[in-house]
Amino acid sequence: SSKRAGKNQLSFYNKEMQEQALASIRLEEALRRALCREEFVLVFQPIVSFSSGEVKKFEALLRWKQPGRGIQNPGTFIAVAEQTGLIVPIGYWVIEAACHFIRQQMQAKQSVKPVAVNLSVCQLREAEFAARVESLLLRLNIPPALLVLEITESMLMENVELAMVLIEKLKKLGIRIAIDDFGTGYSSLSQLRHFPVDILKIDRSFVVDLETSAVDRQMVEAITAMVHKLGLKVIVEGIETVEQMQFLNKIGCDYGQGFLFARPLPPEQALQYTGYAGLATSECLPNDDRLR
Ligand code: C2E
Ligand code: MG
Ligand code: MG
Ligand code: MG
Numbered sequence: 445s446s447k448r449a450g451k452n453q454l455s456f457y458n459k460e461m462q463e464q465a466l467a468s469i470r471l472e473e474a475l476r477r478a479l480c481r482e483e484f485v486l487v488f489q490p491i492v493s494f495s496s497g498e499v500k501k502f503e504a505l506l507r508w509k510q511p512g513r514g515i516q517n518p519g520t521f522i523a524v525a526e527q528t529g530l531i532v533p534i535g536y537w538v539i540e541a542a543c544h545f546i547r548q549q550m551q552a553k554q555s556v557k558p559v560a561v562n563l564s565v566c567q568l569r570e571a572e573f574a575a576r577v578e579s580l581l582l583r584l585n586i587p588p589a590l591l592v593l594e595i596t597e598s599m600l601m602e603n604v605e606l607a608m609v610l611i612e613k614l615k616k617l618g619i620r621i622a623i624d625d626f627g628t629g630y631s632s633l634s635q636l637r638h639f640p641v642d643i644l645k646i647d648r649s650f651v652v653d654l655e656t657s658a659v660d661r662q663m664v665e666a667i668t669a670m671v672h673k674l675g676l677k678v679i680v681e682g683i684e685t686v687e688q689m690q691f692l693n694k695i696g697c698d699y700g701q702g703f704l705f706a707r708p709l710p711p712e713q714a715l716q717y718t719g720y721a722g723l724a725t726s727e728c729l730p731n732d733d734r735l736r
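First residue of the sequence shown: 445, per full-length UniProt numbering; consecutive thereafter.
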């Protein structure tokens, strides 16, 4: 009967919910252990200049080498790390590890590129955050201008006052600020001009359909023009094709990040990355009318 089926369904969902709750508790426990067991690593994705192909920066991205489960991307654990507040100590570890990569670059005696680190909203709420980052930079002897902190547009808009205070403190220290995932939140560019930020990262969702969507092309072009009027630089995320790169270069976007240029790389490989070499060949491709 339907009553019976309903009952079965109910117990099915209960069981599923129980399993989910258990899995999330296990994940929390595993995450707690991960920090002291040194299971976290950073990978570094190059951000390159559209016009020259040179590396301009790196973005540090967190990975978890979970024993027996391989390498986990943030998508599988960041949410639980945020819900439990574990992202705060993890976040300090990330900044410190990013600083070690800056030091590695210095020791390799090559020109040192700034490294961007992602922040989570829990870190925004940490009263001590700016002071702790300052003492970390002092202790590791890292010039603050080499650290970029990325704050997503939605984080910013949901915590305008908190974000403003923190950004001002960080800017006073000489740290640079990027707005991440721009275009996915609810801000307007006119609101943005109140924040003393340096870089704006246009979200990957605008890039995916660049070749087929005139609206997306117009959006990216309009955002870029306005952001340049504010005196900021534009980074476009998630570039995977030569056509996307050519269009973005043509409309004057400054920098790009994506699998076309490089995947996120372990530190040793990131140090060896010498830039995108595909610019010369791509210029020989016939112009694509769709991209005008
Ligand atoms: P995000 O900051 O927007 O980082 C860019 C994400 O896009 C990365 O995913 C990167 O691997 C991916 N990506 C880069 N180029 C391409 C491309 O051409 N195609 C595609 N499909 N993807 C591309 P990842 O490493 O999985 O990180 C996902 C998100 O997790 C990040 O998004 C960021 O919000 C968060 N995250 C990563 N590391 C940290 C961290 O240390 N702390 C915090 N709080 N969040 C982090
Ligand atoms: Mg980011
Ligand atoms: Mg992003
Ligand atoms: Mg993103």
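Backbone N, C-alpha and C define an ideal beta-carbon position, used for all residues, glycine too. Every value quoted in this text rests on a predicted model; they were computed, and no experiment measured them.
query, result
"Short Cβ contact (8 Å threshold) for K613 with A574", "yes"
"Segments of 3+ residues assigned as beta strand (DSSP E) that fall wholly inside the segment 681-730", "699-701"
"Inter-stretch contact at 8 Å, needing at least 3 Cβ pairs: the segment 457-465 / the segment 512-519", "no"
"Nearest to M599 (by Cα), restricted to the options I683, Q554 and S631", "S631"
"S445 to T520 span [Cα, whole Å]", "A caution first: S445 carries a pLDDT of 46, below 50, which makes its placement in the model unreliable, though a value can still be read off. Straight-line Cα distance between these residues: approximately 39 Å."
"V559 vs M550 beta-carbon contact at 8 Å", "no"
"Residue span of the beta strand (DSSP E) that contains residue 737, given as start and end", "Limits of the chain in this structure are 445 at one end and 736 at the other, which puts residue 737 out of reach."
"Entirely enclosed beta strand (DSSP E) segments - the segment 575-624, minimum 3 residues", "591-596"
"Cβ distance (whole Å) where E602 is taken to contact T628 below 8 Å", "Rounded, the Cβ-Cβ distance is 12 Å, inconsistent with contact."
"R470, DSSP secondary structure in three states", "helix"
"Euclidean distance between Cα positions of H672 and D698", "10 Å"
"Local conformation of K557 per DSSP, three classes", "coil"
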